[in-house]
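This report refers to the structure that appears directly beneath it.
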Amino acid sequence: MIQTIRKAWAIPELRKKIIFTLLILLIFRIGNAITVPYVDVGLLETYLDQMGGTILGLYNVMSGGAFAQATVFALSIQPYINSSIIIQLLTVAIPALERLAKDGGEEGRKKIQSITRYTTVGIAILQAVGYYFMMRNYNLLASDATGIWPALVIIVTFIAGSSFVMWMGEQITEFGIGNGISIILFAGILSRVPTMVNSLYTGVSNWANGTEAADGVLVLNPALLVLLIVGILALFVFVVFISDAERRIPVQYAKRQVGRKMYGGQSSHLPMKVNMSGVLPIIFAQSIASLPVTIWTFIGIPQEGTISRTIYDAIDTQSFIYMVVYFIMIIGFSYFYSTIQFNPVEIANNLKKQGGFIPGFRPGKPTVDFIKKVLNKITLFGAIYLGIVAICPLLLGKIVGSSYLGIGGTSVIIVVGVALETVKALEAQMLMRQYKGFLE
Numbered sequence: 000m001i002q003t004i005r006k007a008w009a010i011p012e013l014r015k016k017i018i019f020t021l022l023i024l025l026i027f028r029i030g031n032a033i034t035v036p037y038v039d040v041g042l043l044e045t046y047l048d049q050m051g052g053t054i055l056g057l058y059n060v061m062s063g064g065a066f067a068q069a070t071v072f073a074l075s076i077q078p079y080i081n082s083s084i085i086i087q088l089l090t091v092a093i094p095a096l097e098r099l100a101k102d103g104g105e106e107g108r109k110k111i112q113s114i115t116r117y118t119t120v121g122i123a124i125l126q127a128v129g130y131y132f133m134m135r136n137y138n139l140l141a142s143d144a145t146g147i148w149p150a151l152v153i154i155v156t157f158i159a160g161s162s163f164v165m166w167m168g169e170q171i172t173e174f175g176i177g178n179g180i181s182i183i184l185f186a187g188i189l190s191r192v193p194t195m196v197n198s199l200y201t202g203v204s205n206w207a208n209g210t211e212a213a214d215g216v217l218v219l220n221p222a223l224l225v226l227l228i229v230g231i232l233a234l235f236v237f238v239v240f241i242s243d244a245e246r247r248i249p250v251q252y253a254k255r256q257v258g259r260k261m262y263g264g265q266s267s268h269l270p271m272k273v274n275m276s277g278v279l280p281i282i283f284a285q286s287i288a289s290l291p292v293t294i295w296t297f298i299g300i301p302q303e304g305t306i307s308r309t310i311y312d313a314i315d316t317q318s319f320i321y322m323v324v325y326f327i328m329i330i331g332f333s334y335f336y337s338t339i340q341f342n343p344v345e346i347a348n349n350l351k352k353q354g355g356f357i358p359g360f361r362p363g364k365p366t367v368d369f370i371k372k373v374l375n376k377i378t379l380f381g382a383i384y385l386g387i388v389a390i391c392p393l394l395l396g397k398i399v400g401s402s403y404l405g406i407g408g409t410s411v412i413i414v415v416g417v418a419l420e421t422v423k424a425l426e427a428q429m430l431m432r433q434y435k436g437f438l439e
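Okay, here's the thing in structure tokens:
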């Protein structure tokens with residue numbers, strides 16, 4: 000790995016791109032350390048610690064802890080991600096946007112990107128206003144935060160910070176390495192890794208009756224610690240394997256003569272990734288499944304011994320009912336997103352236009368039916384994989400009593416996916432400048 004980084008660093012243009020990306024990430028981390036005025040950070044962190052298993056906990060992890068500290072970049076990249084998902088879904092639902100995306104070319108892409116930016120600002124306004132009123136209603140603001148001026152400062156700062164993070168992501172995409180939005184999200188999650196590891200270590204130590212050293216630090220049984228490390232490494236290996244896994248459908252192109260030249264006749268394949276929907280089904284499912292608990296927590300957690308508290312405990316983010324619903328929703332959203340992203344009818348028509356066919360299947364409906372059959376199979380496998388990765392940290396968190404582990408699976412998939420994507424971007428940059436691959 001060190002040798003490959005040295006090869007990449009040896010190319011001046013690539014070195015400038017890497018330095019530019021690192022500088023942008025440095026600015027992002029500095030912004031995550033600048034707290035917005037008029038906020039009692041201590042009270043806010045204590046409150047959000049209790050909301051670790053809700054949507055707010057997910058936002059906090061993806062912002063790199065900035066959400067719980069009410070920093071300038073507290074909203075982070077979340078408004079842009081939500082905006083991109085909304086526009087992508089509307090592109091399928093609204094014919095005008097669909098034509099703009101498919102037939103608009105470069106101009107159409109720029110228009111959709113502009114629409115996404117405006118939608119991002121709109122979502123940032125809603126989230127900033129909601130975040131302010133949450134802090135005000137729960138007395139999380141400083142004692143001098145009264146009147147319209149503190150509210151205006153907090154809300155405008157959050158909106159400006161989110162817009163600036165979106166701009167930084169676009170700059171990385173244009174002048175740096177890889178997808179800028181993904182890299183910023185990657186950096187935010189990585190900054191929370193020490194907190195997650197500490198939470199995991201403390202929880203497992205308490206669960207395993209770990210002894211306490213003289214300085215008050217929990218000491219975990221070495222055998223259990225080794226088992227825990229092996230389990231985490233196995234999870235990473237499993238995620239990397241599935242992220243690169245794909246089903247390749249063989250495609251044969253018919254020979255055709257144009258003038259005196261013969262075209263076609265070669266064999267190729269149609270790649271279908273096992274996990275083509277990425278981490279989106281988990282994010283969708285977690286946001287919706289944890290919404291009742293989030294709303295109930297805002298209203299007020301019921302007292303012990305009441306019927307309301309029994310219902311609350313039954314649908315809590317660490318309950319088995321929540322895990323079952325969460326798992327089912329992940330499978331449902333995986334199928335939903337795969338149908339949006341991969342259209343068998345369109346693929347079959349494109350193959351027919353290019354003179355290609357799948358051996359053993361006639362062009363037209365037989366080809367469409369075969370592609371649908373393969374798509375359903377790999378989507379089911381990919382959905383079960385996402386469900387396992389999402390549920391395992393929840394089960395471990397329930398055992399050791401830590402709500403932070405519930406979003407561990409989501410973080411692992413995002414981190415691994417962005418890392419692989421960035422490596423491929425580096426390899427592409429290398430291949431453009433020399434005929435040696437980045438990974439040898």
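For the sequence shown, the residue numbers in numbering that gives the first Met the number 0 are 0 to 439.
Built from N, CA and C at the ideal position, the CB exists for glycine as well.
No experiment lies behind these values; they were computed from the predicted model shown.
- Cβ-Cβ distances below 8 Å link I26 to M167 in the same chain, with the five nearest sequence neighbours on each side left out; the list follows chain order.
- I314 places its beta carbon 9 Å or farther from that of G386.
- Rounded to the nearest whole angstrom, the C-alpha separation of D243 and K272 is 7 Å.
- Taking A144 as the centre and dropping the five residues before and after it, the same chain places the C-beta of Y37 closer than 7 Å to its C-beta, in chain order.
- Inclusion of V35 and V60 in the CB contact set at 9 Å is not warranted, their separation being larger than that value.
- Taking C-alpha positions only, I294 is separated from S267 by approximately 52 Å.
- In the same chain as L24, and ignoring 5 residues on each side of it, the C-beta atoms closer than 6 Å to its own belong to A186, in chain order.
- Comparing alpha-carbon positions, the option among V415, R247, R5 lying closest to L374 turns out to be R247.
- Across the set Q77, L234, Q68, A424, the C-alpha of Q77 shows the shortest separation from the C-alpha of F283.
- In the DSSP secondary-structure assignment, E245 is bridged to K272.
- With respect to the 9 Å criterion, A73 and D48 are not classified as neighbours on the basis of their beta carbons.
- With a cutoff of 9 Å on beta-carbon distance, M275 and I390 are scored as not near each other.
- Here A32 is exposed, its C-beta having fewer than 16 other C-beta atoms within 10 Å.
- Residue pairing by DSSP puts Q251 in a beta bridge opposite S266, F356.
- Annotated as distal: T409 and I176, with beta-carbon spacing of 9 Å or more.
- Rounded to the nearest angstrom, the Cβ distance from I413 to V278 is 5 Å, consistent with a contact under 8 Å.
- Excluding five sequence positions before and after I188, the CB atoms of its chain that fall closer than 8 Å to its own CB belong to V60, M61, G63, S410, I413, V414, given in chain order.
- In the DSSP annotation of this structure, the continuous segment of the alpha helix (DSSP H) that includes Q87 starts and ends at 77–92.
- The three-state secondary structure of L140, taken from DSSP, is strand.
- In terms of Cβ geometry, L393 and M322 form a close pair [threshold 9 Å].
- Look at T34 here: in three-state DSSP terms it is strand.
- Shown here, T338 sits in a helix according to DSSP, grouped into three states.
- Taking each of L232, A253, M195, I183 in turn and checking the Cα distance to Q353, the smallest one comes out for A253.
- Around the C-beta of S113, fewer than 16 other C-beta atoms lie within 10 Å, and the residue is accordingly described as exposed.
- Ranking Y130, E106, A7 by CA distance to the CA of I54 puts Y130 first.
- Contact between the segment 86–102 and the segment 140–154 is absent: fewer than three C-beta pairs spanning the two stretches fall below 8 Å.
- Less than 9 Å divides the Cβ of Y79 from the Cβ of M165.
- When the five nearest sequence neighbours on each side are left out, the beta carbons in the same chain lying within less than 6 Å of the beta carbon of Y325 are those of A284, A288, in order along the chain.
- With contacts defined as CB atoms closer than 9 Å, N81 and I122 qualify as a contacting pair.
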